[in-house]
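As structure tokens, the structure follows; a few thoughts come after it.
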Amino acid sequence: MKKSDPTDLNQTIFEDTRSFIKDSSMNPYLVIFIGQDSGKRHKLSPGSVTIGRSPEADIIIEDNWASRIHCVIHWQDDVFELEDLDSTNGTYVNTHKIKRIQVLPGVPLQVGHSLLKIEFKDEAELQLEQNLHRSASIDGLTGIFNRQYFMKRAAEEVAYASRHHRLIGVIMIDIDHFKIINDTHGHQMGDFVLNRFASIINAEKRPEDVFARYGGEEFIILPRGELSKEGMHFQCERLRQTIEAAEFAFGEARVRITISLGFHLSMVVNGGQGLLIDAWISKADDALYRAKDLGRNRTENSD
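63 is the number of the first residue of the sequence shown in the numbering used here; add one for each residue after it.
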């Protein structure tokens with residue numbers, strides 16, 4: 063039996079892809095399937111699209127191992143080409159470092175620590191996948207991230223902080239006397255307070271920080287970037303004062319609430335073998351309950 067020529071096979075695949083693009087109503091998307099932005103899809107258009115962590119890139123990826131403008135995808139004559147733009151850590155296709163190469167849909171592309179691929183999707187399939195991704199990462203009541211998504215992002219931040227010897231912090235927030243709201247005004251009012259509270263904090267927090275519902279009336283923030291105890295305490299107090307000044311109105315009911323906050327900040331040491339994210343959360347939680355023991359409506363740190 064005559065062996066297949068890999069060159070002929072690749073050419074056949076490229077010809078099938080060209081036909082598929084011409085005849086199909088599906089659109090090509092660049093999908094991030096491993097990395098901080100996993101699940102995100104970016105629709106591609108004919109021409110050149112740059113990828114990197116800079117706001118100036120056409121497709122921005124949250125990956126500190128990616129260069130500011132890392133690489134570019136050229137889509138012309140129904141062919142996709144990936145070109146590295148002298149990135150610091152290189153661009154890889156199927157684990158091979160490249161300068162410029164044609165790529166097929168479905169083939170893994172590595173940019174920094176993120177893995178991507180080109181996929182074709184129609185609108186119905188794309189909407190279904192977006193809904194599934196949303197249900198897996200978003201809290202249904204408040205519309206912010208859920209605990210599962212937060213733990214995934216936090217683990218990635220710990221790994222990065224370990225490699226670069228950086229500080230990592232966690233802020234725990236609890237609504238004071240929340241049970242009284244439910245008992246006095248009913249669970250609909252309680253749900254409204256949780257939803258509006260989350261909206262206020264989401265608007266007031268720094269855009270780069272990760273905010274999630276940890277459970278019940280307890281919420282959690284993962285601050286990102288340059289951190290200090292003074293800065294985190296100031297951030298907590300600003301959030302606390304904003305909530306204290308807000309009125310929560312639902313129907314005839316009017317309530318005001320306060321919150322208690324606890325935070326922990328320290329360095330990841332020993333290649334990540336020091337405190338893991340569960341221990342960070344535990345220390346922030348201890349600080350939170352100390353704030354409650356000391357009278358509530360205050361901020362405490364883990365020291």
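Glycine residues also receive a C-beta, built at the ideal position from the N, C-alpha and C atoms. Only a predicted model underlies this, so the values are computations on that prediction, with no experimental measurement involved.
In the DSSP assignment, the beta strand (DSSP E) including Asn-89 goes from what residue to what residue? Asn-89: member of the beta strand (DSSP E) spanning 89–96, first to last residue.
Quick one: what does DSSP say Val-255 is sitting in, helix, strand or coil? Three-state result, Val-255: helix.
Helix, strand or coil for Thr-153, going by three-state DSSP, please let me know. Secondary structure of Thr-153 (DSSP, three-state): strand.
Quick check: what's the CA-CA separation for Gln-250 versus Thr-204? For the pair Gln-250 and Thr-204, the Cα-to-Cα distance works out to about 13 angstroms.
For Asn-363, name the three-state secondary structure that DSSP assigns. It is a strand residue.
Under a Cβ-count criterion, where at least 16 other Cβ atoms within 10 Å of its own Cβ denotes burial, should Gln-138 be classed as buried or exposed? So Gln-138 counts as exposed.
Between Pro-90 and chain C, is there a C-beta pair that is closer than 8 angstroms? The structure shown contains no chain C; it holds only a single protein chain.
Curious, which full-length alpha helix (DSSP H) runs of at least 4 residues does the stretch 203–250 contain? Runs found: 209–226 and 240–247.
Counting only the same chain and skipping the five closest in sequence on each side, list residues whose C-beta sits under 6 angstroms from that of Pro-90. Same-chain partners within the cutoff: Leu-106, Ile-180 and Phe-182.
Using only the alpha-carbon positions, how far apart do Thr-304 and Glu-185 sit? Each residue's Cα considered, the two are about 41 angstroms apart.
Does the beta-carbon of Glu-309 have 16 or more other beta-carbons within 10 angstroms, so that it is buried, or is it exposed? Classified as exposed, Glu-309 has fewer than 16 neighbouring CB atoms from the shown chains inside 10 Å of its CB.
Mind checking which residues open and close the alpha helix (DSSP H) that includes Ala-311? It is not in any alpha helix (DSSP H) - Ala-311 instead sits in the beta strand (DSSP E) that spans 310–312.
Residues bridged to Lys-179 [DSSP beta-bridge criterion]: Partner(s): Val-93.
What does the Cβ neighbour count give for Met-329, buried or exposed, with the cut at 16 atoms within 10 Å? When all chains shown are included, Met-329 counts as exposed.
Taking Ala-315 as part of the beta strand (DSSP E), name the residues at either end of that continuous run. Start and end: 315–317.
Alpha carbons only, please: which of Leu-177, Glu-124, Arg-268 and Ala-349 is nearest the one belonging to Glu-219? Closest by alpha carbon: Glu-124.
Alpha carbon of Gly-202 to alpha carbon of Asp-99, nearest angstrom: Rounded to the nearest angstrom, the two C-alpha atoms are 20 angstroms apart.
Residue interval of the beta strand (DSSP E) (run including Lys-345): Residue range 339–355 is occupied by the alpha helix (DSSP H) that includes Lys-345, with no beta strand (DSSP E) assigned at that position.
Could you check which residue in Ile-96, Ile-113, Ser-364 and Arg-358 has the C-alpha nearest to that of Asp-238? Minimum Cα distance to Asp-238 is reached at Arg-358.
State buried or exposed for Leu-356, treating a residue as buried only when at least 16 other CB atoms are found within 10 Å of its CB. Burial call: exposed.
Inter-residue Cα distance where the pair is Asp-67 and Leu-177: The pLDDT assigned to Asp-67 is 47, lower than 50, so where the model puts this residue is not dependable; a value taken from the coordinates is nonetheless given after this. Distance between Asp-67 and Leu-177, taken at the CA atoms: about 29 angstroms.
Extent of the continuous alpha helix (DSSP H) to which Arg-302 belongs: Counting along the chain, the alpha helix (DSSP H) containing Arg-302 begins and ends at 291–307.
Sequence-distant residues of the same chain with beta carbon closer than 8 angstroms to Pro-167, five excluded per side: Thr-79, Pro-90, Phe-142, Lys-179, Ile-180, Glu-181 and Phe-182, listed in sequence order.
Distance between Glu-292 and Ile-96 (C-alpha atoms, nearest Å): Approximately 34 angstroms between the Cα atoms of the pair.
Environment of Asn-208 [buried if 16+ CB atoms lie within 10 Å]: By the beta-carbon neighbour count (other beta carbons within 10 angstroms, threshold 16), Asn-208 is buried.
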